[in-house]
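Below you'll find the structure, written out as structure tokens, and then a few comments.
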């Protein structure tokens, strides 16, 4: 019962981002250690290293004092480590039983013993007290039940170390109760539990100790019984980037109302109402899955609006598709710029000219000179670091790719009235972030209304003029920049 | 329990295809009585066996989420290789085994391109297909290489009762591989890899190892199919076999093997093959002009996919309220 797992000096560098730096902590058998941190704090990377999916650049993991060197997920499984991922790792066409025993089906001489498979699955399902047929294809189960199957997979392996990544994100209350009962049973059996979540109430219910991560570093660890919510939130937030924000040259002249949403509803958002003025930067804060991206998609005509209305530029609009929204002067820079924003293997010039090709036409053909001029002006305006307009976007750094997208929607050939930026600084370095903030303020000065969605609290409360906080598809609060602190925004984003 | 299984089967895809086969056979029999004659059925079984044998290796690859578009040309070049080997006076079992070994090597090349270099199977095997087609022309000097080993002929043109030898061997392969896919841990790993690669990897299965084995397997089976075809026509030629892989893929998908992997089975592929070949054979039986036959073959495939499409939509709709 004196088993433990120890992380020593774990570091991981992804292109442009220090995901983890010198993270050391220890988790004991029979206890649950909660990992807490904002989005991007490094929790997921840490779990991927634990599961052997990603290899750390520095540092080591040891279990019961024996150093481990996981080269693959199989190594981690053999060493007794199971990780339950938030993105379910299931085969929808496979049965519940086959998913639970994936990679380790019962049987001898390579022949599957279906009788034993079914019996052992029924036993596990029974322990969970759920009514699930072992032969049912997993894809036919409701999402919450699929998540439970994912958990049964780890339970079945009976590993010494079991890590949960936001396990309750898609569970209902009754299933959460089952999960907590199972976790308590695991603790009683001497398992080491690592529990990643940003739901504070859960962490207080289930964990014994709490480790707080921030920007890839371990801030501190608490005994759960000796800590409180305020203390945790302060630890998650504490950081100083003051100067960057103090030096921003902001817009202070707001115009009339540019965009108004009244009780807007889609499949993902509930009765969202707000207004945005010309020249204003409106921040949207919240945790991943709070409904901010979905709100942007609703305004942009990408998701179907079920009820409510949008008033844009003085008239009620109902965009059937993003094409209509673009024609009306709305631009969206999506969160996943590589998948949804850019054509990676085309030049900077082609990417910038994309929405205005019609305007660059001379007779039937593209006017290459106008095209080139457009790109060069964006490169100069935003300081895009490149050898020329011909360079492929794929060869640029993340920050410069983001500038290409901004350049596309603000070129002289296009009249953007509303710019929606979804996580514009994701994965880009601190220096370039500061440039992007200034670019955002410059848009506002031109009278463009900006919706600035960001999961990084510090930037959203320091760059935006006004901050709306979302949770579960609703707006849970509104704060002016002067009154917003990371503590009160986070409290709204996590409010029950 | 058995009743439930029978009910499930009757509502399934294979039962639907069998029903379509019966309808097709009935129509052609009415149009031409000799459609159901033993002679025509033997011809049908013989014609099924080439693409059918390829479909065994290809079906496994498709289920794992890969494809081997070179399997036709692998068979083609194997036919020439076996003919050349037999030409040296080598005993035919040795020549056949060497040819199958050669097929394994071709499969290894595919596995190397896809798993070591990371190319997409679709493109990599199209490329290799062209390489093999060229090599087939080179080693055969562009003309057919005839086979004079009488004993070897029997593999391709012998028969037991009304069952031609190539058909028996194909059916045996289908049976063995169906059992492997259904009852062995490796077989289940094939489905796991095709259904969700990252889940497979995180469960400790190596998708690369699984697909490498399947590529080698497909190469070996393609070589075997090519050798059997050469035995049937008494020669290896640069135009043999080529193109049969498309029938094999079409039949597999028609029979419920997902092109993106993870679902379906060889049983469905087998029934799909019978349907395609029964239809093509019937077009001959009613004497449709050859040019129109090609078009009609495409039409039945698209029609079958349409039936499937609407069936699938119905099933999805039926599932919705539950979730």
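Chains as they are written, first to last, in the working numbering: chain F, 148 to 643; chain B, 5 to 327. Glycine included, C-beta positions come from ideal geometry on N, C-alpha and C.
- Residue environment: residue 549 of chain F is assigned as buried (16 or more neighbouring CB atoms within 10 Å of its CB, all protein chains considered).
- Chain F has no Cβ within less than 8 Å of the Cβ of residue 182 of chain B.
- Counting every other CB atom within 10 Å of its CB across the protein chains shown gives residue 400 of chain F a total below 16, marking it as exposed.
- A direct Cα-to-Cα measurement between residue 414 of chain F and residue 317 of chain F gives close to 16 Å.
- Scanning chain B for C-beta atoms nearer than 7 Å to the C-beta of residue 359 of chain F yields nothing, as the closest lies near 27 Å away.
- As a beta-bridge residue in DSSP terms, residue 312 of chain F pairs with F/343.
- Sequence-distant partners of residue 162 of chain B (beyond 5 residues in either direction) whose C-beta falls short of 7 Å from its own C-beta, in its chain, are 169.
- When the beta-carbon positions are compared, residue 242 of chain F and residue 283 of chain F come within less than 8 Å of each other.
- The secondary-structure analysis by DSSP pairs residue 151 of chain F across a beta bridge with F/175.
- Within chain F, the C-beta atoms nearer than 7 Å to that of residue 209 of chain B come from 250, in chain order.
- For the 8 Å CB-CB criterion, residue 421 of chain F and residue 622 of chain F form a contact.
- Close to residue 188 of chain B, with beta-carbon spacing below 8 Å, are these residues of chain F in chain order: 257, 258 and 259.
- Closest in alpha carbon position to residue 173 of chain F, among F/433, F/562 and F/308, is F/308.
- Listed in chain order, the non-local C-beta contacts of residue 263 of chain B below 6 Å within the same chain comprise 257, local neighbours out to five positions each way being set aside.
- Going by DSSP, residue 484 of chain F is part of no beta strand (DSSP E) at all; its letter is neither H nor E.
- Residue 157 of chain F sits in a strand when the DSSP states are folded into three classes.
- For residue 77 of chain B, DSSP assigns no beta-bridge partner whatsoever.
- Within the stretch 565 to 618 of chain F, the beta strand (DSSP E) runs of at least 3 residues that lie entirely inside it are, in chain order, 565 to 569, 596 to 600 and 613 to 618.
- Taking C-beta atoms as the reference points, residue 235 of chain B and residue 244 of chain B fail to come closer than 8 Å.
- Exposed is the label assigned to residue 257 of chain F, since fewer than 16 other Cβ atoms lie within 10 Å of its Cβ.
- At a C-beta separation below 7 Å, residue 200 of chain B has these neighbours in chain F: 236, 237 and 238.
- Counting along the chain, no alpha helix (DSSP H) covers residue 505 of chain F, and no H or E run does either.
- If you look at residue 208 of chain F, you'll find it in the beta strand (DSSP E) that goes 205 to 210.
- Judged by pairs of C-beta atoms under 8 Å, the stretch 193 to 208 of chain F does not touch the stretch 252 to 270 of chain F, as fewer than three such pairs exist.
- Segment contact: the stretch 50 to 62 of chain B against the stretch 209 to 228 of chain B, three or more CB-CB distances shorter than 8 Å; contact assigned.
- Among the residues facing chain B, residue 198 of chain F is included, as its CB has a counterpart in that chain under 8 Å away.
- Residue 449 of chain F and residue 467 of chain F have their C-alpha atoms some 8 Å from each other.
- Per DSSP, reduced to three states, the secondary structure at residue 237 of chain F is coil, with no helix or strand assignment.
- Taking residue 487 of chain F as the centre and dropping the five residues before and after it, the same chain places the C-beta of 481 closer than 6 Å to its C-beta, in chain order.
- Bounds of the beta strand (DSSP E) holding residue 462 of chain F are 462 to 464.
- By the neighbour-count criterion, in which a residue is buried when 16 or more other Cβ atoms sit within 10 angstroms of its Cβ, residue 369 of chain F is buried.
- The stretch 577 to 591 of chain F makes contact with the stretch 417 to 437 of chain F: 3 or more CB pairs, one atom from each, lie closer than 8 Å.
- Note on geometry: alpha-carbon atoms of residue 184 of chain B and residue 343 of chain F lie some 40 Å from one another.
- A distance below 8 Å separates the beta carbons of residue 312 of chain F and residue 231 of chain F.
- Across the stretch 217 to 229 of chain F, CB contacts with chain B closer than 8 Å involve 219, 220, 221, 224 and 225, in sequence order along the chain.
- Inter-residue distance for residue 149 of chain B and residue 241 of chain B is about 6 Å (C-alpha atoms, whole angstroms).
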